[in-house]
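Numbered by the working numbering, the letters in the sequence shown go through residues 27 to 419 in order.
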Amino acid sequence: MESKKLNIGLFVDSWFPMVDGVINVVDNYAKRLCKIANVTVFAPKARGEYDASGVPYNLVQCKSAKVWFLDYDLPMPRWDSNFKKALKHANLDIIHVHSPFSIGKSAVKYGKKHNIPIISTMHSQFEQDFLRATKSKLLTKICLKAIMSVFNKSDLCLTMNSACVKLLMRYGCKTKIEILPNATDLVPFDNPTEIRVQTRQKYSVPAHYRMFVNVGRLDTIKNIDFVLDVCKILKDEGFLFKQLIVGGGKDEQKFKDKVHRLGLDDDVIFTGKIMDKAELSKIYQASDLHVFPSFYDTDGIVRIEASTFGVPTIFVEGSIASSTVTDNVNGFVGKNDTQAFANKIIDIFKDNEHYQQVRLNCHRDLYITWDSLMDRLLGVYTSVLQENICKKI
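What follows is the structure, encoded as structure tokens:
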């Protein structure tokens, strides 16, 4: 007799056409889980055009309100009768919350009411978000307490690395925590040299130049100003390079203005948001270094994407994301100082033999696919479901 398929609910407070790491994770989970289970993603409708017709899983979206000073919209599940009806009749076996705000809270409320096991994943540095928004340590503390109620009402909390575990505990998590890394669906090319040459020609990068890439939202919190200041120092010191900035966001024009002001118009290339993964893969393949100075990101799926093609990432010392590599072994870590960081980049390319070894190591140590991660995720689900059954006995 065929066993009943699990009904899995994935809950997230942002969705396409916005592109960020959390959305990437949920979408990739859902695409793979729906092959063996009934999967429903509960997410908000967001500004911009998004065609969900080709989505292979169930998608339930609630109304949202635009917030003019943010890239993100504000989900309003409590005021959407269709959303509440869909959730009521979802008949879920397990709930996986990926953001602890309005939709996440709706999931916890539903789970507790129906005695359904709840897993929550912490993806973000919420304290930074709250402090930036409120400019108040007291209000930040209150906001943190509010979202931690979601994590502490869960049966299990997941996060991506040991530094994130420490962060989650500092926020006040009292629930059991396990590590489940992020991954990528990008795959290496069979003809990397050919792709590298063609892509560099497309973006007018001379063969003897170093090509750097930064991928993500164009938002001040991503520390892109730091990247541009480093580029200015590299140019002044006669280092031959092109820096590609891949992405879109609310501060795009601000960064373009800064590039012009610094005299970097010929050195920094803004590609805009690239949704075509084949094109993004080509850019990675053509690059020599992935520059990722963010203090905001907890893990950075982009570092895993870059490792697919043997492109090492350079982080800023002290960032949580930098804890995912060992300096000069499978990645690089530079000091939080633009001159020192620029010097680090110059030094990286002075020893080509060592640089090539780091390229090999970053692919070996960091590259992991979503497909290979699914058995671990299903193992987590199975364990939580079994524990829930035991509690009922």
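Virtual Cβ for every residue (Gly too), placed ideally from N, Cα, C.
Buried or exposed by the 16-neighbour rule on C-beta atoms within 10 Å, applied to residue i
{"i": "Asn117", "result": "exposed"}
{"i": "Leu315", "result": "buried"}
{"i": "Lys370", "result": "buried"}
{"i": "Met27", "result": "Because Met27 carries a pLDDT of 39, less than 50, the predicted location of this residue cannot be relied on, and no value is offered for it."}
{"i": "Ala69", "result": "buried"}
{"i": "Thr423", "result": "The requested residue 423 is not part of the displayed model; the chain covers only 27 to 419."}
{"i": "Asn108", "result": "exposed"}
Option in the options with minimal Cα separation from residue i
{"i": "Val337", "options": "Leu399, Cys388, Lys89 and Asp325", "result": "Cys388"}
{"i": "Tyr393", "options": "Thr408, Phe375, Lys361 and Val351", "result": "Val351"}
{"i": "Arg385", "options": "His234, Asp39 and Asp353", "result": "Asp353"}
{"i": "Asp325", "options": "Thr210, Ala112, Lys111 and Lys138", "result": "Thr210"}
{"i": "Glu379", "options": "Asp391, Met148, Arg390 and Val355", "result": "Val355"}
{"i": "Arg222", "options": "Ala312, Phe367, Lys202 and Val342", "result": "Ala312"}
Host alpha helix (DSSP H) of residue i (start-end)
{"i": "Ala332", "result": "Ile327 to Thr334"}
{"i": "Cys88", "result": "Counting along the chain, Cys88 falls outside any alpha helix (DSSP H), though it belongs to the beta strand (DSSP E) covering Asn84 to Cys88."}
{"i": "Asn64", "result": "Note, Asn64: premise wrong, no alpha helix (DSSP H); beta strand (DSSP E) at Asn64 to Pro70."}
{"i": "His149", "result": "Looking at the DSSP string, His149 is not in any alpha helix (DSSP H), and its letter there is neither H nor E."}
{"i": "Asn101", "result": "Position check: residue 101 holds Pro in this sequence, whereas Asn was assumed. Pro101 -> not in any alpha helix (DSSP H); beta strand (DSSP E) instead, spanning Asp99 to Pro101."}
{"i": "His380", "result": "Asn378 to Leu392"}
Length of the line joining the Cα atoms of residue i and residue j
{"i": "Asp471", "j": "Asp99", "result": "For residue 471 there is no data in the structure shown, the boundaries of the chain being 27 and 419."}
{"i": "Thr297", "j": "Ile271", "result": "6 angstroms"}
{"i": "Trp94", "j": "Arg73", "result": "11 angstroms"}
{"i": "Gly274", "j": "Lys200", "result": "37 angstroms"}
{"i": "Gln154", "j": "Ser333", "result": "27 angstroms"}
{"i": "Val241", "j": "Gln269", "result": "11 angstroms"}
{"i": "Asn178", "j": "His140", "result": "17 angstroms"}
{"i": "Lys161", "j": "Asp245", "result": "18 angstroms"}
{"i": "Ala368", "j": "Thr225", "result": "25 angstroms"}
As assigned by DSSP and simplified to three states, the class of residue i
{"i": "Val52", "result": "helix"}
{"i": "His122", "result": "strand"}
{"i": "Lys31", "result": "coil"}
{"i": "Cys190", "result": "helix"}
{"i": "Gly344", "result": "coil"}
{"i": "Ile309", "result": "helix"}
Endpoints, beta strand (DSSP E) assigned at residue i
{"i": "Cys199", "result": "Here Cys199 belongs to no beta strand (DSSP E), and DSSP marks it neither H nor E."}
{"i": "Asn117", "result": "Taken as a continuous stretch (DSSP letters only), Asn117 belongs to no beta strand (DSSP E), as it is neither H nor E."}
{"i": "Ile295", "result": "Val294 to Gly298"}
{"i": "Asn240", "result": "Arg236 to Val241"}
Within-7 angstroms CB hit, residue i to chain D
{"i": "Arg329", "result": "Within the model displayed, chain D is absent; a lone protein chain is all it includes."}
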